[in-house]
Amino acid sequence: MIEIKNLVKRYGEKTAVDNISLSISDGEIVGFLGPNGAGKTTTMSMLTGSLSCTSGSITVNGVDVFDDPMEVKKQIGYLPEFPPLYLEMTVKEYLNFIYDLKECTQDRQAHIAEICERVRLDDVFNRVIRNLSKGYRQRVGIAQALIGNPKVIIFDEPTVGLDPKQIIEIRTLIKELGKSHTVILSTHILPEVQMVCDRIVIINKGKIVADELTENIDKVIVGARQIQIKACGPEKEMLAALRSLNGIRYAETVGEREMSSYAMLVESEPGVDMRKTIFGVFARNGWPIIGMEAVGLNLEEIFISVVDESGGDDTRKKQKKGGR
Amino acid sequence: MMAVYKREMRSYFVSPIGYIFLAIFLAVSGVIFSVTVLQAGSSGSVSDYFTYMMMSFCIVLPLLTMKLFADEKRQRTEVLLITSPVSLTSMVAAKFFAALSVFLVGFVCTLINLIPLYYYASGTPDTGTIVGSLLGLVLIAAAFIAAGVMVSALTESQLVAALGTMLIIFFFVFVSIFNFSIDSYVLRSVLSWFSMLDRFALLTIGRFDVSAIVYFISVCFVFLFVTVRIYEKRRWS
Numbered sequence: 003m004i005e006i007k008n009l010v011k012r013y014g015e016k017t018a019v020d021n022i023s024l025s026i027s028d029g030e031i032v033g034f035l036g037p038n039g040a041g042k043t044t045t046m047s048m049l050t051g052s053l054s055c056t057s058g059s060i061t062v063n064g065v066d067v068f069d070d071p072m073e074v075k076k077q078i079g080y081l082p083e084f085p086p087l088y089l090e091m092t093v094k095e096y097l098n099f100i101y102d103l104k105e106c107t108q109d110r111q112a113h114i115a116e117i118c119e120r121v122r123l124d125d126v127f128n129r130v131i132r133n134l135s136k137g138y139r140q141r142v143g144i145a146q147a148l149i150g151n152p153k154v155i156i157f158d159e160p161t162v163g164l165d166p167k168q169i170i171e172i173r174t175l176i177k178e179l180g181k182s183h184t185v186i187l188s189t190h191i192l193p194e195v196q197m198v199c200d201r202i203v204i205i206n207k208g209k210i211v212a213d214e215l216t217e218n219i220d221k222v223i224v225g226a227r228q229i230q231i232k233a234c235g236p237e238k239e240m241l242a243a244l245r246s247l248n249g250i251r252y253a254e255t256v257g258e259r260e261m262s263s264y265a266m267l268v269e270s271e272p273g274v275d276m277r278k279t280i281f282g283v284f285a286r287n288g289w290p291i292i293g294m295e296a297v298g299l300n301l302e303e304i305f306i307s308v309v310d311e312s313g314g315d316d317t318r319k320k321q322k323k324g325g326r
Numbered sequence: 006m007m008a009v010y011k012r013e014m015r016s017y018f019v020s021p022i023g024y025i026f027l028a029i030f031l032a033v034s035g036v037i038f039s040v041t042v043l044q045a046g047s048s049g050s051v052s053d054y055f056t057y058m059m060m061s062f063c064i065v066l067p068l069l070t071m072k073l074f075a076d077e078k079r080q081r082t083e084v085l086l087i088t089s090p091v092s093l094t095s096m097v098a099a100k101f102f103a104a105l106s107v108f109l110v111g112f113v114c115t116l117i118n119l120i121p122l123y124y125y126a127s128g129t130p131d132t133g134t135i136v137g138s139l140l141g142l143v144l145i146a147a148a149f150i151a152a153g154v155m156v157s158a159l160t161e162s163q164l165v166a167a168l169g170t171m172l173i174i175f176f177f178v179f180v181s182i183f184n185f186s187i188d189s190y191v192l193r194s195v196l197s198w199f200s201m202l203d204r205f206a207l208l209t210i211g212r213f214d215v216s217a218i219v220y221f222i223s224v225c226f227v228f229l230f231v232t233v234r235i236y237e238k239r240r241w242s
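If you read the protein sequences in the order shown, they are chains A and B. Under my numbering, the first residue of the first sequence carries the number 3, and numbering increases by one thereafter. Under my numbering, the first residue of the second sequence carries the number 6, and numbering increases by one thereafter.
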């Protein structure tokens, strides 16, 4: 569906996008993840044909973006970071304008009505956009991207500035859209990609530093996994039991809690999941586990570790020294 | 292209700017007419009316063009036009024609001014001269609007767009005035080539000058072409 090959974009001396190659197939929801200024928006601008590249190529459905931008633009729905809304128009007028702008051929009334139902805009259909809340405005922006039923939909930071309820609604909507469209989503909010996307592409300093299916993303992390356990029982015996287990590298108490429970940090060998074993041992000894959570498995830390790795050794060393 | 044109036309008359423009335009033209023609009481002074009308464009036309691109940038809707399957040329043309249409609405209204000329003023007005002058005014307005379109594409502030447009229009209108103080013959003739006042003067005294018409239309095209290039350049920067 989308083929990006050796894409480079330079602004004078600065390289914003540095030799990115990526292939996205039909119906995938791909998340572009990266810190601010990583080159996400630049890549998306090139993908939507609003920016040229220094070298490389992008083809959408076999059509080259730089050779035939008009054809590609017809296949892409784009929601920029700031939804491009004419505040003085009503939702109805605005969507009709977009319909004309994109020279759609669908049945106007039915098409717009269907999209409004899908993004739940029916209530505000005749209201002026200026008077809508941020959440509704974002939905109008999404509706705009959907008009003409493009095969590819690109969202640039779609949930920024929304309240938690709206964020959940928008994410659910994007996930739903992924069933019938190819979706590209850029964000720096990490749980968002984890929740919404099938595949995560991490970009830093214009380069792809990781490209994994969401469920495999933790594999890119180097080093061991850590688990924090809270259990009630005698401190020394519990630690001894943990340390005697095969596959455990390290165990230490990190704090005492009320009801004579202890919090312990356990580090296992790379790639070994010790949680079931630990549960078994504690259960046999009659030490109730009241909490067990994986530390260092969330996307934030994967992200930092991956980005640091590509960012040079200095930062990585610093982080290791600093510890947790 | 029609979509952009329709939206622009609509936005002129949803916001007060379209009405403000028309009100100022009609008021100014009325004042100019009464000062130049009615008080003189002679149809011979109608050429003054057209000259002052042209000068009034310096003030009123920037009101019309200032928002065209500047406001898109401020509202961040520009990206919508750039990423939709509309060519830059038709985007620029649509905005130009929208502003031109609103101008023409006002301009047609000012034609009412000319009615008393035929009924009450002494002497027979020269219809040929009047038609030539009117055509000249429309062409000059088109050139100025094109200049306004270009300046508007350069800034996101409507105020800067309006003032910048005024500056350019002033240059074109008054450049020949400075000619008296310039010694170099070459420079003088180059500057007078640019002067719209000189070219327009020929039309108001009844000389139908094809080169003037070609000149106005080319100025118009150059400004619109530069606008398209501004957007192209941004894409390739």
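From the three backbone atoms N, C-alpha and C, an ideal C-beta is built for every residue, glycine too.
Next item on the list: Put Leu-53(A) into one of helix, strand or coil per three-state DSSP.
Entry: For the purposes of this step, residue 53(A) is identified with residue 51 of the first sequence, where counting begins at 1. Coil, per DSSP.
Item checked: Partner residues on chain A for Ser-89(B), Cβ-Cβ distance less than 7 Å -> Within the second sequence, numbered from 1, the residue matching residue 89(B) stands at position 84. Residues of chain A passing the Cβ test: Lys-75, Leu-103, Lys-104.
Next item on the list: Can you tell me which of Ile-291(A), Phe-284(A), Gly-208(A), Ala-296(A) puts its alpha carbon nearest to the alpha carbon of Lys-42(A)?
Entry: Position 40 of the first sequence holds residue 42(A). Checked all of Ile-291(A), Phe-284(A), Gly-208(A), Ala-296(A); the closest Cα to Lys-42(A) is Gly-208(A).
Item checked: Rounded straight-line distance, which links the Cα of Tyr-80(A) to that of Ala-147(A) -> Locating residue 147(A) in the first sequence gives position 145, where the first residue counts as 1. Locating residue 80(A) in the first sequence gives position 78, where the first residue counts as 1. For Ala-147(A) and Tyr-80(A), the distance between alpha carbons rounds to 5 Å.
Checklist line | Status (buried if at least 16 other CB within 10 Å, exposed otherwise) for Arg-141(A) | finding: For the purposes of this step, residue 141(A) is identified with residue 139 of the first sequence, where counting begins at 1. Under this definition Arg-141(A) is a buried residue.
Notebook entry, point to check: Which first and last residues belong to the beta strand (DSSP E) in which Val-185(A) is found?
Noted result: Start at 1 with the first residue of the first sequence, and residue 185(A) comes out as number 183. Val-185(A) -> beta strand (DSSP E) spans 184-189.
Margin query: Can you pull the chain A neighbours of Val-195(B), defined as C-beta to C-beta under 7 Å?
Written below: As a first step, residue 195(B) must be located in the second sequence, where it is residue number 190. Under the 7 Å cutoff, chain A gives no residues; its nearest Cβ is about 35 Å from Val-195(B).
Notebook entry, point to check: Mind checking if Thr-94(B) is an interface residue toward chain A, Cβ cutoff 8 Å exclusive?
Noted result: On the second sequence, position 89 is the one that residue 94(B) refers to. It does not; no Cβ of chain A falls within 8 Å.
Note to self: Let me make sure I understand the geometry here. Which of Glu-15(A), Asn-8(A), Glu-5(A), Lys-7(A) has the alpha-carbon closest to that of Ser-242(B)?
What the structure shows: Here residue 242(B) refers to the residue found at position 237 when the second sequence is read from its first residue. Comparing Cα-Cα distances from Ser-242(B) to each of Glu-15(A), Asn-8(A), Glu-5(A), Lys-7(A), the minimum goes to Glu-15(A).
Check: At a cut of 8 Å, does the region 17-37 of chain A reach the region 180-195 of chain A through at least three beta carbon pairs?
Finding: yes
Note to self: What does the alpha-carbon distance come out to for the pair His-113(A) and Leu-31(B)?
What the structure shows: Along the first sequence, one-based indexing puts residue 113(A) at 111. Along the second sequence, one-based indexing puts residue 31(B) at 26. Rounded to the nearest angstrom, the two C-alpha atoms are 44 Å apart.
Margin query: In the DSSP assignment, the beta strand (DSSP E) including Thr-132(B) goes from what residue to what residue?
Written below: Counting from 1 along the second sequence, the entry for residue 132(B) is found at position 127. Careful: Thr-132(B) lies outside any beta strand (DSSP E), inside the alpha helix (DSSP H) at 132-159.
Notebook entry, point to check: Under 8 Å between C-beta atoms, does Lys-16(A) make it to chain B?
Noted result: For this step, residue 16(A) is matched to residue 14 along the first sequence. It does not: the Cβ of Lys-16(A) has no partner Cβ on chain B nearer than 8 Å.
Notebook entry, point to check: So Ile-231(A) is in the beta strand (DSSP E); what residue range does that whole segment cover?
Noted result: Looking up residue 231(A) in the first sequence gives position 229. Taken as a continuous stretch (DSSP letters only), the beta strand (DSSP E) holding Ile-231(A) covers 228-234.
Check: What residues in its chain sit with their C-beta under 6 Å from that of Ile-222(B), if we drop five residues either side in the sequence?
Finding: Along the second sequence, one-based indexing puts residue 222(B) at 217. No residues qualify anywhere along the chain.
Check: Just how far apart, CA to CA, sit Ala-18(A) and Tyr-54(B)?
Finding: Taking the first residue of the first sequence as 1, we reach residue 18(A) at position 16. Taking the first residue of the second sequence as 1, we reach residue 54(B) at position 49. Each residue's alpha carbon lies about 57 Å from the other.
Checklist line | Length of the line joining the Cα atoms of Gln-321(A) and Ile-205(A) | finding: In the first sequence, counting from the first residue as 1, residue 321(A) sits at position 319. In the first sequence, counting from the first residue as 1, residue 205(A) sits at position 203. Because Gln-321(A) sits at a pLDDT of 41, beneath the cut-off of 50, its placement in the model cannot be relied upon, and the following sentence gives the value as read from the coordinates. When rounded, the distance between both Cα atoms is 20 Å.
Next item on the list: Would you kindly work out how many angstroms separate the C-alpha atoms of Val-178(B) and Val-185(A), rounded to a whole number?
Entry: Position 173 of the second sequence, counted from the start, is the residue given in the question as residue 178(B). Position 183 of the first sequence, counted from the start, is the residue given in the question as residue 185(A). Each residue's Cα considered, the two are about 54 Å apart.
Next item on the list: Closer than 7 Å by beta-carbon distance: list the chain B residues that pair up with Ser-54(A), in chain order.
Entry: One-based indexing of the first sequence puts residue 54(A) at position 52. By Cβ distance, chain B contributes Arg-240, Trp-241.
Notebook entry, point to check: When the Cα of Thr-161(A) is compared with those of Ser-188(A), Glu-178(A), Leu-179(A), which residue comes out closest?
Noted result: On the first sequence, residue 161(A) is found 159 positions in, with the first residue counted as 1. Nearest of Ser-188(A), Glu-178(A), Leu-179(A) to Thr-161(A), Cα basis: Ser-188(A).
Next item on the list: Please list the residues of the region 8-29 of chain B that have a C-beta atom closer than 9 Å to any C-beta atom in chain A, keeping them in chain order.
Entry: Ala-8, Val-9, Lys-11, Arg-12, Arg-15, Ser-16, Val-19, Ser-20
Note to self: Here's the rule I'm using: 16 or more other beta-carbon atoms within 10 Å means buried, otherwise exposed. How should Ser-262(A) be labelled?
What the structure shows: Position 260 of the first sequence holds residue 262(A). Answer is exposed; the Cβ neighbour count stays below 16.
Notebook entry, point to check: Roughly how far, in whole angstroms, is the beta-carbon of Met-155(B) from the beta-carbon of Phe-213(B), given that I think they are within contact range, below 8 Å?
Noted result: Looking up residue 155(B) in the second sequence gives position 150. Looking up residue 213(B) in the second sequence gives position 208. Not really, about 29 Å apart at Cβ, beyond 8 Å.
Notebook entry, point to check: So, does the CB of Arg-81(B) fall closer than 8 Å to a CB anywhere in chain A?
Noted result: Within the second sequence, the letter at position 76 stands for residue 81(B). Interface residue, yes.
Next item on the list: Give the secondary structure of Tyr-264(A) by DSSP, where H, G and I count as helix, E and B as strand, and everything else as coil.
Entry: Residue numbering aside, residue 264(A) sits at position 262 when the first sequence is read from its first letter. Here Tyr-264(A) sits in strand by DSSP.
Check: Unbroken alpha helix (DSSP H) runs of length 4 or more, entirely within the region 173-214 of chain B: which are they?
Finding: 190-199, 201-209
Next item on the list: In the DSSP assignment, find the unbroken alpha helix (DSSP H) run with Ile-149(A) in it and report its ends.
Entry: Start at 1 with the first residue of the first sequence, and residue 149(A) comes out as number 147. Counting along the chain, Ile-149(A) falls outside any alpha helix (DSSP H), and DSSP gives it neither H nor E.
Next item on the list: Please confirm if Gly-39(A) has its CB atom under 8 Å from at least one CB of chain B.
Entry: Along the first sequence, read from residue 1 onward, the residue named residue 39(A) stands at position 37. Judged by the 8 Å Cβ criterion, Gly-39(A) is not in contact with chain B.
Note to self: Which complete alpha helix (DSSP H) runs does the region 56-142 of chain B hold, if anything under 4 residues is left out?
What the structure shows: 72-80, 83-88, 93-115, 119-124
Margin query: So if I threshold CB-CB distances at 7 Å, which residues from the region 62-86 of chain A count as touching chain B?
Written below: Met-72, Lys-75, Lys-76, Tyr-80, Pro-82, Phe-84, Pro-86
Next item on the list: Output yes if chain A places a C-beta closer than 8 Å to the C-beta of Val-84(B); else output no.
Entry: Counting from one through the second sequence, the residue named residue 84(B) turns up at place 79. With 8 Å as the cut-off, Val-84(B) counts as an interface residue toward chain A.
Margin query: Let's test the definition: count the other Cβ atoms within 10 Å of the Cβ of Trp-198(B) and tell me whether it reaches 16, buried, or not, exposed.
Written below: Taking the second sequence and counting its residues from 1, the one referred to as residue 198(B) is at position 193. Counting Cβ neighbours within 10 Å, Trp-198(B) comes out exposed, since fewer than 16 surround it.
Item checked: Neighbour flag for Leu-89(A) against chain B, beta carbons, 8 Å -> Looking up residue 89(A) in the first sequence gives position 87. For Leu-89(A), the answer is yes, since a Cβ of chain B falls inside 8 Å of its Cβ.
Notebook entry, point to check: Phe-99(A) touches chain B at which residues, Cβ-Cβ below 9 Å?
Noted result: Taking the first residue of the first sequence as 1, we reach residue 99(A) at position 97. Ordered by position in chain B, the residues that pass the 9 Å Cβ test against Phe-99(A) are Ala-8, Val-9, Lys-11, Arg-12, Arg-15.
Item checked: Cβ-based burial, Val-274(A) [other Cβ within 10 Å; buried from 16] -> Taking the first sequence and counting its residues from 1, the one referred to as residue 274(A) is at position 272. When all chains shown are included, Val-274(A) counts as exposed.
Note to self: Quick check: the Cα distance between Leu-9(A) and Asp-28(A), rounded to an integer number of angstroms?
What the structure shows: Translated into positions along the first sequence, residue 9(A) becomes position 7. Translated into positions along the first sequence, residue 28(A) becomes position 26. Taking the straight line joining both Cα atoms gives about 20 Å.
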